[in-house]
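Chemist:
Numbering (this note's numbering), first residue to last: 4 to 573.
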């Protein structure tokens with residue numbers, strides 16, 4: 004499960020006329036002096052705490068408490084997946100919208116949990132403490148993972164809050180985030196899809212949009228509306244020209260530190276593979292959706308998500324193929340390396356870090372296809388396989404010492420895994436079959452029909468026939484079945500005849516082998532290398548001069564000066 008964390012950033016969705024300072028900053032390291040100097044705004048401890056704790060993390064985006072009785076505002080597109088899960092054949096919340104006349108009519112989300120960040124602690128020294136001179140990259144990765152698992156487990160037990168160690172600067176720093184978690188969240192208002200998404204295609208993320216892209220939820224605690232001490236009230240007057248504007252939320256990674264070699268790998272290998280595979284999955288899903296109104300309703304959420312991902316990847320590839328963009332990146336990298344190499348001490352510590360990344364990326368292609376399709380699961384793009392993989396891996400990993408487990412199965416993740424497996428959200432067999440058929444076909448094409456594991460998975464059938472057989476034979480769409488298998492552990496899973504459990508077992512040894520190879524030869528090497536690159540940046544430019552947004556709460560700042568429309572400043 005992809006994890007995104009909180010950010011406080013400048014809202015700049017339109018062309019601005021005038022001053023704007025870029026930067027993403029953790030709440031525990033906001034450059035207050037610079038903000039006061041440049042904008043005349045003095046951010047107090049109380050203001051920072053209020054904004055931090057008023058910010059809410061959704062599974063796919065950001066929201067904010069906006070009232071003292073637990074109302075939360077977020078975008079409609081952030082809620083769209085949740086609305087689809089709450090839909091029925093008789094009640095299409097995503098398309099038709101919803102408004103609760105009173106609190107008794109608010110609808111509980113099928114499997115939504117919201118997070119409010121309460122505290123940040125720098126645990127870099129603790130994470131790095133087990134790392135000793137002379138260790139290999141594989142050993143340092145294992146040592147840090149064990150330390151992180153212990154920190155999260157201890158913190159969760161001590162505080163009762165959700166604990167998560169987040170990686171900053173791709174390994175340069177580690178911070179512990181402690182969240183208050185809400186699992187009783189109910190829908191108050193959602194507009195019709197056409198009103199919420201107006202102007203979204205093809206102009207989404209490209210031009211200003213004029214739409215009602217919002218939803219309102221209410222958080223409950225012990226059956227009563229949560230009394231939120233920190234919230235962001237609506238303003239009936241809005242901002243005026245020259246006001247400082249801040250936004251907070253939970254983005255993904257910025258990838259600022261990626262080297263040229265890393266970016267070239269994304270451009271030439273990773274992103275084209277994603278485009279190819281998900282275009283095929285999108286097309287298969289589209290064929291299913293054309294069969295009728297109900298099929299379209301069932302598939303719309305997956306289709307919408309894939310379409311947005313394809314847009315993003317196409318834009319990334321276009322940027323990485325742009326000569327000016329890559330030349331600027333090369334120039335910045337050469338300048339940093341020049342500063343490092345000019346100092347004998349810095350050169351000894353950091354000089355070869357870029358070459359380490361290049362070597363790790365160069366070693367990856369020979370086995371990357373198998374890794375992506377077997378370990379990352381692209382060959383089995385369906386919720387049924389995700390459930391099966393989680394059940395099989397948890398049964399194995401939970402028997403190991405906490406520090407030796409794969410990170411996603413650490414003890415601190417147990418409650419989240421149980422909630423995922425117990426979700427009442429509907430699983431539509433037709434949608435899952437369409438996705439699986441396409442992903443199996445791509446796997447045959449990319450990995451090879453002669454691969455022994457591909458042959459074993461297909462069992463002598465075409466991808467289309469095998470997908471139909473697997474989906475027809477599974478019971479993993481039923482939460483009661485998943486809960487029973489989770490409780491029964493290895494014994495129940497070994498006895499299970501569910502075809503997806505059998506597939507997950509069949510590929511697990513090879514998938515784990517590929518995971519270990521990648522972790523040791525690429526992830527571990529790059530984690531060490533990027534940590535040193537980050538330290539080189541700090542040593543030559545200063546920490547404050549190089550903000551990073553990799554999985555952290557961030558802030559940027561600026562001033563609203565208006566933007567031009569039809570010759571007028573708005």
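Positions of the beta carbon are idealized from the N, C-alpha and C atoms, including for glycine.
1. Just curious, the alpha helix (DSSP H) that residue 341 is in, first and last residue?
2. Closer than 6 Å by C-beta to residue 105: which residues in its own chain qualify, once you throw out the five before and the five after it? Chain order, please.
3. Would residue 433 and residue 298 qualify as a contact pair, given that the criterion is a beta-carbon distance under 9 Å?
4. Under the three-state reduction of DSSP, which class applies to residue 201: helix, strand or coil?
5. Over the uninterrupted alpha helix (DSSP H) stretch that includes residue 290, give me the two end residues.
6. On the DSSP letters alone, give me the boundaries of the alpha helix (DSSP H) that residue 55 sits inside.
7. Can residue 519 and residue 343 be called in contact, C-beta distance under 9 Å?
8. Need the endpoints of the alpha helix (DSSP H) that residue 393 sits in, please.
9. CB-CB under 7 Å to residue 499, same chain, minus the five flanking residues each way: which ones, in chain order?
10. Does the region 184-191 come close enough to the region 109-119 that 3 or more CB-CB pairs lie under 8 Å?
11. Compute the Euclidean distance between the alpha carbons of residue 292 and residue 437, then round it to the nearest angstrom.
12. So, residue 362 versus residue 528, is the Cβ gap smaller than 9 Å?
13. Is the region 390-402 in contact with the region 478-498, if contact means three or more CB pairs nearer than 8 Å?
14. Identify every residue that forms a DSSP beta bridge with residue 432.
15. Just grab the DSSP bridge partners of residue 101 for me.
16. Can you list, in chain order, the residues of its chain whose CB lies under 6 Å from that of residue 423, leaving out five sequence neighbours each side?
17. By the three-class DSSP mapping on this structure, what secondary structure does residue 482 have?
18. Is the beta carbon of residue 179 closer than 9 Å to that of residue 169?
19. Relative to the C-alpha of residue 249, which residue among 521, 53 and 467 is closest?
20. Note down, in chain order, each residue of its chain lying with its Cβ closer than 6 Å to the Cβ of residue 480, except the 5 sequence neighbours on either side.
21. Where residue 468 and residue 385 are concerned, what is the direct C-alpha to C-alpha distance, given to the nearest angstrom?
22. Helix, strand or coil for residue 234 per DSSP?
23. For residue 280, would you say it is in contact with chain B, using Cβ-to-Cβ distances shorter than 9 Å as the test?
24. In the DSSP assignment, the beta strand (DSSP E) including residue 176 goes from what residue to what residue?
25. Could you spell out the range, first to last residue, of the beta strand (DSSP E) harbouring residue 123?
26. From residue 227 to residue 376, what does the alpha carbon distance come to, in whole angstroms?
27. Short check: CB of residue 502 to CB of residue 463, under 9 Å?
28. Here's the rule I'm using: 16 or more other beta-carbon atoms within 10 Å means buried, otherwise exposed. How should residue 237 be labelled?
29. Under the assumption that residue 143 contacts residue 453 (Cβ atoms under 8 Å), give the Cβ distance between them as a whole number of angstroms.
30. Using the C-alpha atoms, what's the distance from residue 425 back to residue 1?
31. Would you mind sorting residue 286 into buried or exposed? The rule is 16 or more other CB atoms within 10 Å of its CB.
32. Report, in whole angstroms, the separation of the C-beta atoms of residue 151 and residue 130, which I expect to be a contact under 8 Å.
33. Which residues in the same chain as residue 522 place their Cβ atom closer than 8 Å to its Cβ, once the five residues preceding and following it in sequence are excluded?
34. Mind checking residue 326: buried by the 16 CB within 10 Å criterion, or exposed?
35. Using a Cβ-Cβ cut-off of 7 Å (strictly less than) and excluding sequence neighbours within five positions of residue 568, which residues of its own chain qualify?
36. Please identify the residue among 261, 279 and 32 whose C-alpha is closest to the C-alpha of residue 360.
Modeler: Looking at the atomic coordinates:
1. 326-344
2. none
3. yes
4. coil
5. 274-292
6. 48-57
7. no
8. 386-400
9. 488
10. yes
11. 10 Å
12. yes
13. yes
14. Paired residue(s): none; residue 432 is not in a bridge.
15. 193
16. none
17. helix
18. yes
19. 53
20. 430
21. 15 Å
22. coil
23. Among the protein chains of the structure shown there is no chain B, as only one such chain exists.
24. 176-185
25. 117-125
26. 45 Å
27. no
28. exposed
29. Rounded, the Cβ-Cβ distance is 38 Å, inconsistent with contact.
30. It is not possible to answer for residue 1, since the shown part of the chain is limited to 4 through 573.
31. exposed
32. 6 Å
33. 141 and 144
34. exposed
35. Below a pLDDT of 50, predicted positions are generally treated as unreliable, and residue 568, at 46, falls in that range; the measurement from the model is reported next regardless. So the list is empty, once near-sequence residues are dropped.
36. 261
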